[in-house]
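K.L.:
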Amino acid sequence: MAFFRRNKSEAAQPEPEDTQLDTAAESGRAKKDGPTPSRKEAEAARRARVNRQLTPKEARKETAARNRTERMRALNAREAQPEKVLARDYVDARFSIGEFLLPALVLILSLSFLNSMIPGVALYATVLMYGYIAWVIIDVWWMWRGLKKVLAERYPRSSTKGLMMYAMNRTIQIRRFRMPAPRLKRGQKY
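All residue numbers for the sequence shown refer to UniProt numbering, where the first residue is 1 and numbers rise by one.
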């Protein structure tokens, strides 16, 4: 036993020279392809990877994509509230005359332009327009009464702040253009 001195048997055995190459290969290091870049070159390469130089067109495209992603994330978070989901389903499950308001107003407006050819048609078109709007308002009021009852049953402690306008806006939109798209068909249980 040699505690503080070399063992004679170890000194007699020469170490193989290939072990240094094997340990470099085992540790994952590869052979260098070229000279090590200077610090200035390495920093410039890192900056080029981090701060890419974009053309104005590429920068606009990337900014638009980032903004679109952010808007969709915010919209999905806002639209995922359970009260809003219930309001959407309630509005989509019922038939509403409000969804035909915009096409009806365009038709009524085009009738009022016929006043020069047919006198008095503008008066009838105006009365028809106000009558249709009043009918839509009554339909929205009826819808809101029913929605409040369903909301009180399912979510008794939830706030209805802003929900009436949200449901009304959804009611007067053309069904095909509603966002998010309707999940339920007319007459289906919400």
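Beta carbons: idealized from backbone N, C-alpha and C, even for Gly.
Tyr-90: buried (16+ other C-beta within 10 angstroms of its C-beta) or exposed?
P.N.:
With 16 or more other Cβ atoms within 10 Å, it is buried.
K.L.:
Buried or exposed for Met-72, going by 16 or more other Cβ atoms inside 10 Å?
P.N.:
Per the 10 Å Cβ criterion, exposed.
K.L.:
What does the Cβ neighbour count give for Asp-33, buried or exposed, with the cut at 16 atoms within 10 Å?
P.N.:
Its Cβ having fewer than 16 others within 10 Å, Asp-33 is exposed.
K.L.:
Assuming Arg-157 contacts Leu-86 under a Cβ cut-off of 8 Å, what Cβ separation, rounded to an integer in Å, is found between them?
P.N.:
About 14 Å separates the two Cβ atoms, so there is no contact after all.
K.L.:
Who are the near neighbours of Val-150 in its chain, counting only those whose CB is closer than 8 Å to its CB and skipping five residues on each side?
P.N.:
Same-chain partners within the cutoff: Leu-86, Tyr-90, Tyr-190.
K.L.:
Within 10 Å of its beta-carbon, does Ser-96 have 16 or more other beta-carbons around it, so buried, or fewer, so exposed?
P.N.:
Buried: at least 16 other Cβ atoms inside 10 Å.
K.L.:
Apart from the five residues on each side of it in sequence, which residues of its chain come closer than 7 Å, Cβ to Cβ, to Ala-125?
P.N.:
Only Ile-108, Leu-111, Ser-112 meet the Cβ criterion.
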